[in-house]
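Engineer: Chains A and B, in that order, give the protein sequences. Numbering of the first sequence is given in UniProt numbering, commencing with residue 1 and proceeding in unit increments. Numbering of the second sequence is given in UniProt numbering, commencing with residue 1 and proceeding in unit increments. Submitted below is the structure of interest, expressed as structure tokens.
Number of protein chains: 2
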Amino acid sequence: MRAKVNLAEKFSLFDELWSPKVIAQMNHVQFKLVKIQGEFTWHSHEDTDEVFMVISGDMVIEFRDKTVELSAGEMFVIPKGVEHKPYAETQCQVMIIEPEGVVNTGDAGGALTAENDVWI
Amino acid sequence: MRAKVNLAEKFSLFDELWSPKVIAQMNHVQFKLVKIQGEFTWHSHEDTDEVFMVISGDMVIEFRDKTVELSAGEMFVIPKGVEHKPYAETQCQVMIIEPEGVVNTGDAGGALTAENDVWI
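Next up, the structure:
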């Protein structure tokens, strides 16, 4: 049995942006913390839904046909296969929940692709 | 695509204790809110891990060999098959994350068994 996880403590362990860190796993689902600021890449995940839960700050998820604004205490489920682009004007702390193996840039790849399955 | 979910708003919609309400689903994983106070039943879930994430207040998860105290901003993964008993001295707001179909009292049943798959 792993130890309990304190989100603020885990966020204090890294500064990189757009680089999700795994903090827990339930069955094959991973819980990842990420700090974001600025614009990410348009991408989608063909095989899975993805959850964004904002822990502190504000962010925007752009879709091709709408924009969703999220603040601390709010969450959103991005359906599989749907193109999206996360954005945050100032730094925002987010928990991402998705199956293990999911790469942050999905089908798009590129410079913002982070190493996967990095635990802290 | 479902609307975004505001946790505080969803918590304001119900008062019952020990009665998880589904607020979101990612693939076959459900996100449930529950208000707890007092002692729950010893039970386990034979087929799945289960995540407790404390949103406000404090709670305790008793295991046969140890006790884990959780406060707001902390989470814990209960491994499948492991007996546990949640407890909260004063009301505590919790998010439970687990596959759809999981019953709150697991293998134990009894009076605290809540209706499953109730969305708010």
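Don't be surprised by glycine CBs; every beta carbon is placed ideally from N, CA and C.
Mind checking if B:E74 is an interface residue toward chain A, Cβ cutoff 8 Å exclusive?
Structural biologist: Cβ-Cβ to chain A under 8 Å: yes for B:E74.
Engineer: Does the region 40-59 of chain A touch the region 94-104 of chain A, meaning 3 or more C-beta pairs lie closer than 8 Å?
Structural biologist: Yes, the region 94-104 of chain A is in contact with the region 40-59 of chain A.
Engineer: Would B:K21 pass as a contact of A:L70 if the rule is Cβ separation under 8 Å?
Structural biologist: Not in contact: B:K21 and A:L70 (Cβ atoms no closer than 8 Å).
Engineer: Are the beta-carbon atoms belonging to B:R64 and A:V77 less than 8 Å from one another?
Structural biologist: Cβ distance not < 8 Å, so B:R64 and A:V77 don't count as in contact.
Engineer: Please work out which residues of its chain come closer than 8 Å, Cβ to Cβ, to A:L13, disregarding the five sequence neighbours upstream and downstream, and give them in chain order.
Structural biologist: K21 and I120, listed in sequence order.
Engineer: At a Cβ threshold of 8 Å, is B:N116 touching chain A?
Structural biologist: Not one chain A Cβ lies under 8 Å of B:N116.
Engineer: Please determine if the region 77-86 of chain A and the region 29-49 of chain A are in contact, where contact requires at least 3 C-beta pairs separated by less than 8 Å.
Structural biologist: Touching, yes, given that three or more Cβ pairs across the two stretches are closer than 8 Å.
Engineer: So B:K35 contacts chain A; which residues on that side make the cut at Cβ distance below 9 Å?
Structural biologist: Here the premise fails: no neighbours, minimum Cβ distance about 16 Å.
Engineer: Just verifying my parser: in three-state terms, what is the DSSP assignment at A:K85?
Structural biologist: Looking at A:K85 - three-state DSSP - the assignment turns out to be strand.
Engineer: What number of angstroms, rounded off, separates the C-alpha of residue 179 of chain B from the C-alpha of A:L17?
Structural biologist: The question about residue 179 of chain B has no answer, for chain B in this structure spans 1 to 120.
Engineer: Counting only beta-carbon atoms, is B:N27 nearer than 8 Å to chain A?
Structural biologist: Yes, because at least one Cβ of chain A sits closer than 8 Å to the Cβ of B:N27.
Engineer: Out of A:L112, A:Y87 and A:N27, which one is the CA nearest neighbour of A:V60?
Structural biologist: The option with the nearest alpha carbon to A:V60 is A:Y87.
Engineer: Determine whether the Cβ of B:N104 lies closer than 8 Å to any Cβ atom of chain A.
Structural biologist: Not closer than 8 Å to any Cβ of chain A, the Cβ of B:N104 fails to qualify, so no.
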